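Novice:
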Amino acid sequence: MARIKGVVMEYNDGQAIIMTPQGNFERIKTKKPLEVGEYYYGNSATMQKRYAMIAVLLLALTLGTWDFFAVQAYAQVSSSLELGVNRWNRVVMVRPLDAKGATILRESNLTGQRVEKAVEIIIDKSLNEESLEPHSAPAKFPLSAQPKDKRNVKFKQNIEKEMNKGLQNALKKRNSHADINNGKSPINNRDANPNNEKIKELPKDQPKGLKNNNKSDTVNKRPDKYENNGRDKGNNPSKSNRSAGPQKPGNN
Amino acid sequence: MIDPGKNAINDLVDKCVQRFQAGEEHALDEIYDYLVQFGLRVIAKTCGKYIDSGDEEAAIIPDVILNVLDKYSSDRGSFMMYLGQAIKNRTIDELRKKKRKPGLVLFRKETEYLTKAIETAFFEDIIDDIARKQEIKTLAQLLAQFDLTFGMLVDGSPRQARTREEAQRAALIIAQDQALSSYLMDKGMLPHKILEEQYHVNRNILDRYRKYIIATVLIHINDLGYLKPYVLPQPRRGEKWLESKA
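Sequence lines, in order, name chains A and B. Taking the working numbering, I'd label the letters of the first sequence as residues 1 to 252. Taking the working numbering, I'd label the letters of the second sequence as residues 1 to 246.
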């Protein structure tokens, strides 16, 4: 610990002025009463401030870390994995519920990912494992979220919304791969939706991802116009439709 | 030298004690303040806490001084050492009477086994503190003539070691030159022109750290021996004259 020493030149109500051996005059705060002329050994005010700042930073860092790793809700993807989610919708804990879950967990690093991305990875892996046909009816992926504070409905809805997004992304990705394998590139496949029909979106308040198979079919069957081929990544089909407004027949 | 230093205090006390014992009662008045200050410091260091003149522990001081003045003779060594030992013993006795704490017993044992050399150093440190206090008081008075305080020196002293060295060097040059120091004392200003032209001192340093340089010059020209080592610049190669003259 850096210390300061010197001769006390002036002392007044807990504050003293000392002259250091280098000839510098320093003002210090001390609880101990000092006598003018005596030697002082202690921390300088500058050092005390610096230590206080370091302490505050460390405290903030510790609290921040603790808060980051504190599970605020549990999200379950199908029956294989349980995700612990923090207040920023990040996965901080993953627990496999069966052998399949353990395999997925071994193959991918889900900790630190957003819930959306984690769900996408899990579903992608699950589909790969089951080697499903692209346009066949997908397996069920019941998604559920349970916040620690059960009264926090908003948080629950928020997580479920993100999980649904992840599910949709995974399926979208799956379909685009399947189309490429069948010789239909997303660009060539524009003809699949000549009238640019609006794609149905999963209802926002739907708590569990693909409980309703019809809805999932709608998602699966939609044309690949909005599938990204690297350029319009992250485009929300519904948004693009909305922004386009009512389509004129001659547009296509 | 305006105020007495450590040896001067010892000499003054010894002389006054001799005069007092010879029958001159007023001689004690000259040194009484020093003796009380010294007594307070001894008690404070023995008790391990700050003692003020109003504290209960300090009440023994006048009594001990009078007792010691009766018993003291010059063959017992320095009066201050003798007085210090008496105050210390009396303080320990008082503490012993009051309470019997385990910590206190240990402390007493420690003090009892102190060698004479250590005890001498103990009292000399206290006398040093008192002498240093006198010099600081003198410096405060001298600074007041230039409308300066120690608080101003905190803000006006150079932070960087190199700059501080330069300021201290400039101060030493002024202190060693009779004409320059007279100019400062008479006009209350630094002799910028001479310092710049003859000694190549940086004008910025003279302007920015004027207060610090004045304080340092005052320490040098008033020969404040306890404070001087703190404001001496490090001797440079080829500048031994600075060191020798200081």
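Don't be surprised by glycine CBs; every beta carbon is placed ideally from N, CA and C. This one's a predicted model, so the numbers in the text were calculated from it and none came from an experiment.
In chain order, what residues of the same chain have a beta carbon less than 6 Å from the beta carbon of I87 of chain B, not counting five sequence neighbours either side?
Specialist: G39, V42 and V64
Novice: Sorted by chain position, which residues of the same chain lie with C-beta nearer than 7 Å to P147 of chain A's C-beta, five sequence neighbours on each side aside?
Specialist: Q72, A73, F155 and K156
Novice: Which chain B residues are close to I17 of chain A, counting only those with a beta carbon under 7 Å from its beta carbon?
Specialist: F150, G151 and V154
Novice: Have a look at G151 of chain B and C47 of chain B and give me their C-alpha separation to the nearest angstrom.
Specialist: Within the model, the alpha-carbon separation for G151 of chain B versus C47 of chain B is close to 31 Å.
Novice: Taking the C-alpha atoms as reference points, what is the distance between A292 of chain B and R159 of chain B?
Specialist: Here chain B has residues from 1 to 246 only, and residue 292 of chain B is not among them.
Novice: On the criterion of 16 or more Cβ atoms from any shown chain inside 10 Å, does V115 of chain A qualify as buried, or is it exposed?
Specialist: buried
Novice: List in chain order: all unbroken alpha helix (DSSP H) runs of 4+ residues lying wholly within the stretch 46-108 of chain A.
Specialist: 99-107
Novice: Would you decide whether S80 of chain A is buried or exposed? Buried here means 16 or more other CB atoms lie within 10 Å of its CB.
Specialist: buried
Novice: If contact means a Cβ-Cβ distance below 8 Å, which residues of the stretch 163-182 of chain B contact chain A?
Specialist: Going along the stretch 163-182 of chain B in chain order, one finds R164 and Q168 with a Cβ nearer than 8 Å to chain A.
Novice: Within a Cβ cutoff of 7 Å, which residues of the same chain sit near G101 of chain A, ignoring the five residues on either side of it in sequence?
Specialist: Listed in chain order, the non-local C-beta contacts of G101 of chain A below 7 Å within the same chain comprise S80 and L81, local neighbours out to five positions each way being set aside.
Novice: Over what stretch of residues does the alpha helix (DSSP H) that includes N89 of chain B continue unbroken?
Specialist: F79 to K98
Novice: Would you mind sorting Y148 of chain B into buried or exposed? The rule is 16 or more other CB atoms within 10 Å of its CB.
Specialist: Inspection of the sequence shows that residue 148 of chain B is occupied by Leu rather than by Tyr. Looking at its Cβ environment, which holds 16 or more other Cβ atoms inside 10 Å, L148 of chain B is buried.
Novice: For a contact meaning CB atoms closer than 7 Å, what does V231 of chain B contact in chain A?
Specialist: G23
Novice: Assign R90 of chain B to one of two classes, buried (16 or more other C-beta atoms within 10 Å of its C-beta) or exposed (fewer than that).
Specialist: buried
Novice: Taking the C-alpha atoms as reference points, what is the distance between R208 of chain B and G156 of chain B?
Specialist: If I take the Cα positions, the gap works out to 8 Å.
Novice: Within 8 Å (strictly less), CB to CB, does M53 of chain A reach chain B?
Specialist: no
Novice: Can you list the alpha helix (DSSP H) stretches of 4 or more residues lying completely in the stretch 106-168 of chain B, in chain order?
Specialist: 116-145 and 150-156
Novice: By a C-beta neighbour count over all protein chains shown, 10 Å radius and 16 as the cutoff for buried, is M1 of chain B buried or exposed?
Specialist: Legend: pLDDT at M1 of chain B = 38, less than 50; position of this residue unreliable, no value from coordinates given.
Novice: Does the beta carbon of V153 of chain A come closer than 8 Å to any beta carbon on chain B?
Specialist: Under the Cβ distance rule, V153 of chain A does not count among the residues neighbouring chain B, no pair being separated by less than 8 Å.
Novice: Spatial neighbours of L184 of chain B within its chain, please: CB distance less than 8 Å, with the 5 preceding and 5 following residues excluded, ordered by chain position.
Specialist: I174, L190, P191, I214 and V217
Novice: At a cut of 8 Å, does the stretch 132-143 of chain B reach the stretch 221-228 of chain B through at least three beta carbon pairs?
Specialist: yes
Novice: Mind listing which residues of the stretch 25-40 of chain A have their C-beta closer than 9 Å to chain B's C-betas, in chain order?
Specialist: F25, E26, R27, K32, P33, L34, E35, V36, G37, E38 and Y39
Novice: Taking only beta-carbon atoms, is I205 of chain B less than 8 Å away from chain A?
Specialist: no
Novice: Bridge partners of S144 of chain A, per DSSP?
Specialist: A:Q76
Novice: Rounded to whole angstroms, what's the CA-CA distance from I118 of chain B to Q176 of chain B? Just pull it up for me.
Specialist: Cα to Cα, the separation comes out at about 38 Å.
Novice: With DSSP collapsed to three states, give me the class of Y72 of chain B.
Specialist: coil
Novice: Helix, strand or coil, according to DSSP, for K31 of chain A in the structure here?
Specialist: DSSP places K31 of chain A in coil when its eight states are reduced to three.
Novice: Using the three-state DSSP reduction, which class does I18 of chain A fall into: helix, strand or coil?
Specialist: strand
Novice: Short check: CB of V56 of chain A to CB of E35 of chain A, under 8 Å?
Specialist: no
Novice: So is A121 of chain B in contact with chain A if we call contact Cβ pairs under 8 Å?
Specialist: For A121 of chain B, no CB of chain A lies under 8 Å from its own CB, so it is not counted at the interface with that chain.
Novice: Verify the CB distance criterion: does A247 of chain B have a CB-CB separation below 8 Å to chain A?
Specialist: There is simply no residue 247 of chain B to check, as chain B begins at 1 and stops at 246 in what is shown.
Novice: Using only the alpha-carbon positions, how far apart do Y212 of chain B and I205 of chain B sit?
Specialist: 10 Å
Novice: So if I threshold CB-CB distances at 7 Å, which residues from the stretch 32-55 of chain B count as touching chain A?
Specialist: Y50
Novice: Alpha helix (DSSP H) containing Y34 of chain B: first to last residue?
Specialist: A27 to C47
Novice: Going along chain B, which residues have a C-beta under 7 Å from M47 of chain A?
Specialist: Correct list: empty, because the minimum Cβ distance to chain B is about 14 Å.
Novice: Counting contacts by CB-CB distance shorter than 8 Å, is P235 of chain B in contact with chain A?
Specialist: So no, P235 of chain B is outside the interface.
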